[in-house]
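Data block below; observations after.
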Amino acid sequence: MARPASDKRARLTAAAATLAYTHGLDRTTLGAIAEEADVPQGSVYYYFKTRDDVGRAVVDSLLTRYRDLMSGWDAEPDPRTRLASYVDMYARDAEAVAQHGCPIGSLCLDLRKSAHPLADDAAAILELTIAWASEQFEAMGFAPQASRARALHLVTGLQGAASLANALGDREALVNEAAHLTRWIHQSQAA
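In the working numbering, the protein residues as written are 42 to 232.
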């Protein structure tokens, strides 16, 4: 029985996102996407007319993924638990991050370095993450400016540790920073 067309597009998008993460968006070919998704190469051309269409699909899929994650974390009643869940995601994925970097951070860097038109759209995912983290700190009683500063500290710490873990090919920096940030979150008290 044939799979629905929407399933094929979803498989192609997932394949493109995986390859962009593991090989970089610039090195992700339409043929590789077809092979990864196990579909005929002509199907890729049907859904993605240009390489920019592939990039757009990757950015959109990551945005959807992060929104879904945040929505799940928001189900937790305690903002500290929500923030710790965000940090824990990096700790759980430390091996993959050491091998390939952070999916969002790596994509943002690749797009920004090449002055790609999607660079700002990808960076918006990090901005969304910072805004979400800031909301959590506000829910803990911190003033808006202090909340934003704390959110920047949190995201910067994770992105920096992810970059270092990737550069060294070793998860240690990320695991240690995640543990430190989790303690910091739980010890944070608004004045």
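In this text, a Cβ means the ideal position worked out from N, Cα and C, and glycines have one as well.
Using a threshold of 8 Å, state whether the C-beta atoms of Gln228 and Gly146 are closer than that. To locate residue 228, count along the sequence shown from 1; it is residue 187. To locate residue 146, count along the sequence shown from 1; it is residue 105. No. Outside cutoff.
Exposed or buried, which one is Met42 when buried takes at least 16 other CB atoms within 10 Å? Here residue 42 corresponds to residue number 1 of the sequence shown, with the count starting at 1. Residue confidence is low: Met42 scores 47 on pLDDT, short of 50, so the model does not pin down where it sits. Its coordinate-derived value is still stated next. Exposed, by the Cβ-count rule.
Exposed unless 16 or more other CB atoms sit within 10 angstroms - verdict on His221: Position 180 of the sequence shown, counting from 1, holds the residue named residue 221. By the 10 Å Cβ count, His221 comes out exposed.
List the whole-angstrom C-beta distance separating Ser126 from Trp114, where the pair is believed to meet the contact cut-off of C-beta under 8 Å. Counted from its first residue, the sequence shown places residue 126 at position 85. Counted from its first residue, the sequence shown places residue 114 at position 73. Right, their Cβ atoms sit about 5 Å apart.
Where does Met42 fall in DSSP's three states? Stepping through the sequence shown from its first residue, residue 42 is reached at position 1. With a pLDDT of 47 at Met42, under the threshold of 50, the predicted position of this residue should be treated as unreliable, though the coordinate-derived value follows. Three-state DSSP puts Met42 in coil, outside helix and strand.
What three-state label does DSSP hand Met181 in the structure shown? On the sequence shown, position 140 is the one that residue 181 refers to. Note: Met181 maps to coil in three-state DSSP.
Sequence-distant residues of its chain with Cβ nearer than 6 Å to Ala164 (five each side left out): Position 123 of the sequence shown holds residue 164. Closer than 6 Å at the Cβ level, and outside the excluded window around Ala164, lie Cys149.
Assumed close pair Glu218, Gly198 - CB separation to whole angstroms, cut-off 8 Å: Walking along the sequence shown from the start, residue 218 turns up at place 177. Walking along the sequence shown from the start, residue 198 turns up at place 157. That pair is a contact at about 6 Å.
Round the Cβ separation of Tyr62 and Pro144 to the nearest angstrom and send it over; I've been treating them as touching at under 8 Å. Taking the first residue of the sequence shown as 1, we reach residue 62 at position 21. Taking the first residue of the sequence shown as 1, we reach residue 144 at position 103. Going by Cβ atoms, the distance from Tyr62 to Pro144 rounds to 5 Å, so yes, they are a contact pair.
According to DSSP, is Val138 helix, strand or coil? For the purposes of this step, residue 138 is taken as residue 97 along the sequence shown, with counting starting at 1. Secondary structure at Val138: helix, using DSSP grouped into helix, strand and coil.
Counting only the same chain and skipping the five closest in sequence on each side, list residues whose C-beta sits under 8 Å from that of Pro118. In the sequence shown, the residue the question calls residue 118 occupies position 77. None.
Identify which residue in Pro81, Arg191, Gly96, Glu77 has its Cα closest to the Cα of Ser155. As a first step, residue 155 must be located in the sequence shown, where it is residue number 114. It is Gly96.
Just the C-alpha distance for Arg50 and Glu168, rounded to the nearest angstrom, thanks. Stepping through the sequence shown from its first residue, residue 50 is reached at position 9. Stepping through the sequence shown from its first residue, residue 168 is reached at position 127. Answer to the nearest angstrom: the Cα atoms are 27 Å apart.
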